[in-house]
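Notes follow the structure.
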Ligand code: SF4
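In our numbering, the protein residues as written are 2 to 249.
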């Protein structure tokens with residue numbers, strides 16, 4: 002018996018889960034690859050679908066889909082997008098009847114946190130905010146060595162404290178927590194300890210102005226070193242194709 006395949010949606014050539022058929026038609030699974038979770042683990046999908054039957058979950062999912070819908074508009078020139086994420090956040094909070102938001106932010110984004118707070122409060126929302134360095138606990142407490150401190154061995158460097166951020170927002174019973182720019186890994190702990198609904202306003206990327214996809218978009222050029230090495234021949238073929246297309 003073949004071992005069970007792991008889902009590989011990111012390598013899917015067909016994406017039949019978003020079929021190009023009318024609302025009344027049913028997509029066929031025949032074209033789905035063997036690693037498709039609809040083929041590999043249909044029971045998991047069935048159980049997930051059951052969870053949407055819970056009224057609270059269904060309402061949350063419904064409002065999220067309406068929010069998604071409202072981020073587009075049809076114009077004579079065609080469909081176009083609207084609403085930056087901060088506007089979406091305000092709109093979604095309104096849909097859900099949320100009045101009290103928690104903002105967990107990175108010390109490196111203190112300026113942005115102040116502006117976000119001002120915007121949200123200006124929209125009538127109450128904001129409870131929690132900075133990552135709360136507690137002021139030296140990094141040595143979690144086993145960081147002097148030479149592993151960003152400011153150098155002699156600096157006093159407080160550790161990031163995402164668990165405290167989460168617990169403070171939990172204890173405040175915020176309707177929703179908003180993560181703003183916590184470090185990779187610290188954000189993981191924050192999510193792990195949050196017991197209220199959480200969303201992300203921005204993730205940290207110190208190099209790209211907190212836009213991690215910039216490096217992905219440049220993965221065929223400036224960040225090509227991240228990609229599998231191409232053979233000399235395939236590079237030459239690409240170059241020849243570019244020349245043939247008239248691109249220098
Ligand atoms: S769910 Fe199946 S059809 Fe959809 S992207 Fe994943 S593998 Fe492809």
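Glycine included, C-beta positions come from ideal geometry on N, C-alpha and C. All values reported here derive from a predicted model rather than from experimental measurement.
If you look at residue 165, you'll find it in the alpha helix (DSSP H) that goes 163-172.
Within 6 Å of the C-beta of residue 157 there is not a single heavy atom belonging to ligand 1. Residue side-chain check: residue 21 keeps its Cβ at 6 Å or more from all non-hydrogen atoms of ligand 1. Across the structure, residue 191 and residue 202 are spaced so that their CA atoms are roughly 14 Å apart. If you draw a straight line from the Cα of residue 135 to the Cα of residue 121, it is about 22 Å long. Rounded to the nearest whole angstrom, the CA to CA distance from residue 157 to residue 92 is 41 Å. Any heavy atom of ligand 1 within less than 5 Å of a residue's beta carbon puts that residue on the list, which reads 10, 13, 16, 17, 18, 33 and 37. In this structure, DSSP gives residue 75 an extended state, which the three-state scheme calls strand.
Taken in chain order, the complete beta strand (DSSP E) segments of 3 residues or longer contained in the segment 186-247 are 199-203. With respect to the 7 Å criterion, residue 101 and residue 175 are classified as neighbours on the basis of their beta carbons. Annotation: residue 156 is outside any beta strand (DSSP E) and is labelled neither H nor E by DSSP. Going by DSSP, residue 106 is part of the beta strand (DSSP E) stretching over 101-106. In the three-state DSSP reduction, residue 127 falls in the strand class (E or B). In the DSSP assignment, residue 132 is bridged to 106.
Residue 178 has 103 and 199 as its beta-bridge partners, per DSSP. The residues 58, in chain order, have a CB closer than 7 Å to that of residue 52 in the same chain once the five nearest residues on each side in sequence are set aside. Note on geometry: alpha-carbon atoms of residue 94 and residue 189 lie some 23 Å from one another.
Secondary structure of residue 15 (DSSP, three-state): coil. Under the 8 Å Cβ criterion, the segment 161-177 does not count as touching the segment 60-78, having fewer than three qualifying pairs. Annotated three-state conformation of residue 56 is helix, per DSSP. Residue pairing by DSSP places residue 139 opposite 159 in a beta bridge. For residue 115, no pairing in a beta bridge is given by DSSP. In this structure the segment 63-70 does not touch the segment 36-43; the number of beta carbon pairs closer than 8 Å is below three. In its chain, beyond the 5 residues on either side, 38 have a beta carbon closer than 8 Å to the beta carbon of residue 45.
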